[in-house]
Each structure stands twice: as C-alpha cells, then as structure tokens.
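Have a look at the structure below, then the notes.
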C-alpha cells in the first residue's frame with residue numbers, strides 16, 4: 003500500500019499548479035481592468051448627462067472649463083467644470099477614473115500660480131482623471147492662468163453632436179513637450195490600449211490608442227506618456243486642411259464637414 007507521494011510526483015503537482023496560476027493571473031488581471039473600464043465608461047456617461055442637464059438650465063449654454071472667483075475668505079479660487087456640474091452629479095467621485103483617480107491635481111497647480119484658495123469648495127486634493135474638449139468647454143476669466151473670458155458655446159451650435167467629443171480619459175499637459183501646448187488635454191490609454199470617450203449626445207465608448215514613445219509631464223510634474231488615436235476619426239483632420247494629423251494626441255475641436263469630408267474646427 004502506498005503511504006505518500008514521491009518527490010518526483012510532488013514536483014510534478016507543483017509544476018502543474020504553477021502553470022495554472024500563470025495562466026489564470028493574466029485572465030484575472032484583465033477581468034479587473036475590464037471592470038474598471040466599465041465603471042469609467044459609466045462615469046463619463048453620467049458626466050455627459052450632467053453637462054446636458056446644466057445646458058438645459060442655462061439657456062442652452064455649456065459650462066466653461068474654468069474661471070476665477072473669490073471664496074468666502076476673500077481669496078481667489080478656481081471654479082472648475084467639475085464644480086460647475088457637481089450639483090447635477092450627486093457624487094464628485096464620478097469625476098475620477100478608477101484606473102487613475104488622481105491623474106492630476108487642479109488645486110495644487112492653481113495654488114502654485116497664486117490662486118491661493120485652490121479649487122473653490124474643494125481645497126486640497128482637487129484631483130481629476132478626465133480631459134475636456136477645450137473647444138466645447140471654453141475658458142472663463144482666469145488671469146493667474148493667463149486665460150481670458152470667451153463666450154460660452156451653446157449646445158445647439160454642435161451640429162454633429164454624436165461625433166463631437168465632450169471628455170475622455172486624459173490628463174492636463176505642461177507645455178512645450180511632445181507637441182503639447184500649455185494645459186493641452188492629453189489622451190491617456192488606461193484600459194488595455196483603450197481610451198474611454200464621451201460625446202455631446204450623451205453616449206460614451208472606448209477608442210483604440212497607441213503610445214507614441216514621447217514622454218512629457220503633466221501640470222503637477224508627473225510623467226505623461228503621449229498616446230495617439232489608433233483609428234481614423236473626425237479629429238484626424240482640421241477643416242480646410244488637406245493632410246491628416248500624424249498623431250492625434252488630444253480630442254479638441256467641434257466636428258464639422260468641408261469638401262474633404264468630416265473634420266474638426268473651433269467656433270471661438
């Protein structure tokens with residue numbers, strides 16, 4: 003009668019278990035990332051819905067990307083778009099992508115430039131995960147950031163709402179790196195080579211992106227790897243231009259049409 007396993011048999015069992023673990027771990031990691039991507043898509047849909055509700059209440063005007071005001075202590079503070087639509091969100095945590103909840107810190111950045119009250123009503127830890135289409139959500143008056151007021155865009159001005167981007171997985175770039183201007187809303191591929199994107203009609207979907215190899219910094223000095231859109235898009239060509247962009251590293255502009263087909267432009 004056998005009383006136990008031989009050393010060889012034990013080694014075989016251990017080897018089989020190791021192989022199974024090696025096969026299962028990537029599957030589990032992908033499952034977790036898929037769950038984060040689904041949660042992130044839900045966040046972007048809710049942000050888009052809150053933005054559309056804001057426009058309904060403000061005579062079709064869309065919120066600004068941000069502007070300066072004075073807080074209760076007499077200090078300058080910054081009103082972000084997230085703060086503008088927060089009454090329609092219910093939970094500010096929706097502004098955070100679960101794959102990168104603290105991609106950038108608005109409060110920390112604006113305080114360093116003299117807006118001593120940070121982000122109005124938020125104070126320390128004004129974290130964000132999503133980039134805004136700055137052709138849709140234009141800036142208000144923010145002299146410390148060298149941003150000057152523009153006339154808000156109206157929802158009715160977006161003729162191709164289902165193709166015009168609202169926001170997406172992204173960051174806020176520091177200028178003069180990887181062809182980014184200051185405050186450029188940089189694309190990030192957080193979800194297995196995908197970037198979640200919301201549109202002006204309220205829907206959201208994932209788009210393929212690829213790393214360019216260029217590395218920049220965001221407004222807080224964190225590493226920011228440049229990503230380019232991996233598929234043809236209305237954001238691949240500026241209206242009036244014949245050539246498509248080599249790397250679409252930000253989704254900014256309002257979708258339109260010209261003699262060459264679908265393209266993007268700016269209204270302000």
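Numbering (this note's numbering), first residue to last: 3 to 270.
Glycine included, every Cβ here is placed at the ideal spot set by N, Cα and C.
Predicted, not measured: the structure shown is a model, and the values here were computed from it.
- Shown here, residue 189 sits in a strand according to DSSP, grouped into three states.
- CA-CA distance, residue 231 to residue 248, rounds to 10 angstroms.
- Residue 174: member of the beta strand (DSSP E) spanning 167 to 174, first to last residue.
- Around the beta carbon of residue 178, a 10 Å sphere encloses fewer than 16 other beta carbons of the protein chains shown; the residue is thus reported as exposed.
- Collapsing the DSSP output to three states places residue 117 in coil.
- Using a Cβ-Cβ distance cut-off of 8 angstroms, the region 91 to 99 and the region 62 to 77 are not in contact, since fewer than three pairs of beta carbons, one from each stretch, lie closer than that value.
- In this chain, the beta strand (DSSP E) harbouring residue 263 covers 263 to 267.
- With 16 or more other Cβ atoms inside 10 Å of its own Cβ, residue 101 counts as buried.
- Taking C-alpha positions only, residue 58 is separated from residue 194 by approximately 36 angstroms.
- If you look at residue 89, you'll find it in the alpha helix (DSSP H) that goes 83 to 91.
- Three or more Cβ pairs drawn from the region 124 to 138 and the region 160 to 178 lie within less than 8 angstroms of each other, which places the two stretches in contact.
- In the DSSP assignment, residue 259 falls within the unbroken beta strand (DSSP E) covering 256 to 260.
- In the three-state reduction of the DSSP assignment, residue 238 falls in the helix class, which pools H, G and I.
- Looking at the DSSP output, residue 248 shares a beta bridge with no other residue.
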